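2 protein chains.
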Amino acid sequence: MSTVSIPGYTYGTASVPRSPVTLQDLENLKKALLFTAEDERYLRMAGQVLADQVEDILDLWYGFVGSHPHLVYYFTGPDGKPLADYLGAVRKRFGQWILDTCNRPYDQAWLNYQYEIGLRHHRTKKNQTDKVRSVPHIPLRYLIAFIYPITATIKPFLAKKGHSPEEVEKMHQAWFKAVVLQVALWSYPYAKEGDF
Amino acid sequence: MSTVSIPGYTYGTASVPRSPVTLQDLENLKKALLFTAEDERYLRMAGQVLADQVEDILDLWYGFVGSHPHLVYYFTGPDGKPLADYLGAVRKRFGQWILDTCNRPYDQAWLNYQYEIGLRHHRTKKNQTDKVRSVPHIPLRYLIAFIYPITATIKPFLAKKGHSPEEVEKMHQAWFKAVVLQVALWSYPYAKEGDF
Chain S
1 MSTVSIPGYT YGTASVPRSP VTLQDLENLK KALLFTAEDE RYLRMAGQVL ADQVEDILDL
61 WYGFVGSHPH LVYYFTGPDG KPLADYLGAV RKRFGQWILD TCNRPYDQAW LNYQYEIGLR
121 HHRTKKNQTD KVRSVPHIPL RYLIAFIYPI TATIKPFLAK KGHSPEEVEK MHQAWFKAVV
181 LQVALWSYPY AKEGDF
Chain C
1 MSTVSIPGYT YGTASVPRSP VTLQDLENLK KALLFTAEDE RYLRMAGQVL ADQVEDILDL
61 WYGFVGSHPH LVYYFTGPDG KPLADYLGAV RKRFGQWILD TCNRPYDQAW LNYQYEIGLR
121 HHRTKKNQTD KVRSVPHIPL RYLIAFIYPI TATIKPFLAK KGHSPEEVEK MHQAWFKAVV
181 LQVALWSYPY AKEGDF
């Protein structure tokens with residue numbers, strides 16, 4: 001993966017804190033959402049299917065966020081207007097996130113980066129990566145709500161490369177599980193002590 | 001709806017606290033997950049489809065939880081064994097929850113009851129409704145993770161009454177949105193002040 005050119009993308013580097021969630025916690029969480037080795041295989045297939053469609057997917061997602069003032073709000077600056085540089089910087093990492101969701105092994109480095117992603121949405125670290133003056137925090141309820149659009153809208157893209165309906169469905173279910181799994185992990189910084 | 005016979009089911013009664021979430025917050029959240037009036041119509045259709053299948057659905061869900069020690073754990077007593085009365089009491093309300101998800105208007109009474117459901121999973125009120133001595137808290141990560149099984153496993157039941165594949169798909173998408181919406185609301189007691 002060629003990722004050296006993405007500002008603020010620190011996957012696998014020493015600057016990423018260690019996740020407070022253990023690999024055993026992760027295994028138990030995967031069991032709770034029926035995530036198996038078969039899902040890993042279908043995520044790899046999805047990674048190949050989506051690789052050259054990332055910009056189209058981001059166009060769709062950004063169009064969705066941009067069309068709702070109460071969502072684009074989280075990218076606005078002190079004057080209430082969306083910060084174009086901030087939107088652009090996040091977009092590059094969001095594209096990489098699509099590929100990482102499909103292609104990365106869900107190991108300690110991955111777990112650590114999920115923690116980092118959670119922190120970057122939470123008031124702990126929001127805005128720091130891109131050194132912007134935007135609203136300080138994305139609410140937990142929106143992280144959870146986004147499971148729906150991020151899952152539902154990916155399916156047509158999974159169907160665009162001639163795979164059988166059964167393969168598309170299996171890729172889609174694997175993606176759905178992977179999104180839910182990650183949002184569950186991202187909730188860590190939001191939860192009261194002991195509540196996660 | 002005949003619900004008078006379900007112990008601890010307090011929907012719409014004075015014992016349910018007022019939700020700290022406003023109806024305007026709810027509208028914004030619905031927009032974030034693309035929930036529309038069409039979804040309400042398909043939820044009503046799903047309510048008719050699922051009405052006489054509730055016990056079969058609960059058998060499946062309880063079988064799933066029961067087969068994973070780290071999940072059934074949240075129903076265990078001081079001796080580490082599952083509390084059959086507790087499982088049974090929750091099961092009746094869980095069945096009613098399926099019907100409420102499909103048939104209730106998502107108004108102030110519904111919003112208040114979502115808050116109550118969140119509290120009953122959280123350490124604030126877990127075990128109180130059924131007066132049991134069980135583990136004190138269900139972690140936030142499992143509330144979120146359960147979006148997957150609760151959504152994925154409902155689809156075959158939606159397909160059992162002869163509706164077209166398109167109708168089944170629309171009922172399923174409406175159900176998916178309704179589950180995500182509710183889990184987002186249930187997260188309130190888990191979030192740090194201002195983080196929800």
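In order, the protein sequences belong to chains S and C.
Using this note's numbering, the final residue of the first sequence is 196, and nothing's skipped along the way.
Using this note's numbering, the final residue of the second sequence is 196, and nothing's skipped along the way.
Idealized CB from N, CA, C, for every residue including glycine.
Note that the structure is predicted; figures quoted are calculated from it, not measured.
Cutoff 8 Å: residue i Cβ touching any chain C Cβ
i, result
"Ala37 of chain S", "no"
"Tyr86 of chain S", "no"
"Ala152 of chain S", "yes"
C-alpha distance - residue i paired with residue j, whole-angstrom precision
i, j, result
"Ile140 of chain C", "Gln182 of chain C", "At residue 140 of chain C the sequence reads Leu, which differs from the Ile that was named. Answer to the nearest angstrom: the Cα atoms are 13 Å apart."
"Gly118 of chain S", "Tyr9 of chain S", "14 Å"
"Pro7 of chain C", "His137 of chain S", "40 Å"
"Asp79 of chain C", "Arg120 of chain C", "22 Å"
"Trp186 of chain S", "Phe35 of chain S", "17 Å"
"Gly47 of chain S", "Arg41 of chain S", "10 Å"
"Leu26 of chain C", "Val180 of chain C", "12 Å"
"Cys102 of chain S", "Arg44 of chain S", "5 Å"
"Tyr74 of chain S", "Asn28 of chain S", "33 Å"
"Lys192 of chain C", "Tyr190 of chain S", "6 Å"
"Ala89 of chain C", "His70 of chain C", "20 Å"
"His163 of chain S", "Ala51 of chain S", "15 Å"
"Val54 of chain S", "Tyr62 of chain S", "12 Å"
"Pro165 of chain S", "Ala159 of chain S", "8 Å"
"Arg133 of chain C", "Asn127 of chain C", "7 Å"
"Asp195 of chain C", "Arg123 of chain S", "8 Å"
"Pro149 of chain C", "Asp130 of chain C", "25 Å"
"His172 of chain C", "Thr151 of chain C", "8 Å"
"Pro82 of chain C", "Val72 of chain C", "7 Å"
"Ala37 of chain C", "Ala178 of chain C", "12 Å"
"Phe64 of chain S", "Arg93 of chain S", "18 Å"
"Asp85 of chain C", "Asp59 of chain C", "16 Å"
"Pro156 of chain S", "Asp100 of chain S", "19 Å"
"Ile57 of chain C", "Val49 of chain C", "12 Å"
"Lys161 of chain S", "Gln108 of chain C", "45 Å"
"Phe176 of chain C", "Ile144 of chain C", "13 Å"
"His68 of chain C", "Ala32 of chain S", "8 Å"
"Ala14 of chain S", "Ala184 of chain S", "24 Å"
"Thr220 of chain C", "Thr153 of chain S", "With chain C covering 1 to 196 only, the question about residue 220 of chain C has no answer from this structure."
"Ala174 of chain S", "Gly12 of chain S", "23 Å"
Cross-chain neighbours of residue i in chain C, by beta carbon under 9 Å
i, result
"His210 of chain S", "No statement about residue 210 of chain S is possible, as the shown extent of chain S runs from 1 to 196 and does not include it."
"Val135 of chain S", "In chain order: nothing, as chain C lies at least about 12 Å away."
Amino acids of chain C, ordered along the chain, whose beta-carbon sits closer than 7 Å to that of residue i
i, result
"Ser187 of chain S", "Leu140, Arg141, Ile144"
"Ile147 of chain S", "Ile147, Val180"
"Ala14 of chain S", "Under the 7 Å cutoff, chain C gives no residues; its nearest Cβ is about 26 Å from Ala14 of chain S."
Contacts of residue i in chain S (Cβ-Cβ under 7 Å)
i, result
"Phe196 of chain C", "Pro139, Leu140, Arg141"
Within chain C, partners of residue i - CB distance below 8 Å
i, result
"Lys192 of chain S", "Tyr190, Ala191, Lys192"
Beta carbon proximity, residue i to chain S, threshold 8 Å
i, result
"Ala159 of chain C", "no"
Residues that residue i contacts on chain S, provided the C-beta gap is smaller than 8 Å
i, result
"Val183 of chain C", "Ile144"
Check: residue i C-beta below 7 Å from any heavy atom of the ligand MN
i, result
"Thr101 of chain C", "Looking for the ligand MN in the displayed structure turns up nothing, as the structure carries no ligands at all."
Could you name the residues of the segment 170-181 of chain C whose beta carbon sits closer than 8 Å to any beta carbon of chain S, in the order they occur along the chain? Gln173, Phe176, Lys177, Val180, Leu181
Let me know the beta strand (DSSP E) ranges lying completely inside the segment 49-127 of chain C, each 3 residues or longer, listed in chain order. none
Using a Cβ cut-off of 7 Å, which residues of the segment 38-67 of chain C contact any Cβ in chain S, in chain order? none
In the segment 100-115 of chain C, which residues sit with their C-beta less than 7 Å from some C-beta in chain S, listed in chain order? none
4-residue-minimum alpha helix (DSSP H) runs that sit fully inside the segment 14-46 of chain S, ordered along the chain: 23-32
Identify every run of the alpha helix (DSSP H) within the segment 133-171 of chain C, keeping only runs that are complete inside it and at least 4 residues long; order them along the chain. 140-145, 147-152, 155-158
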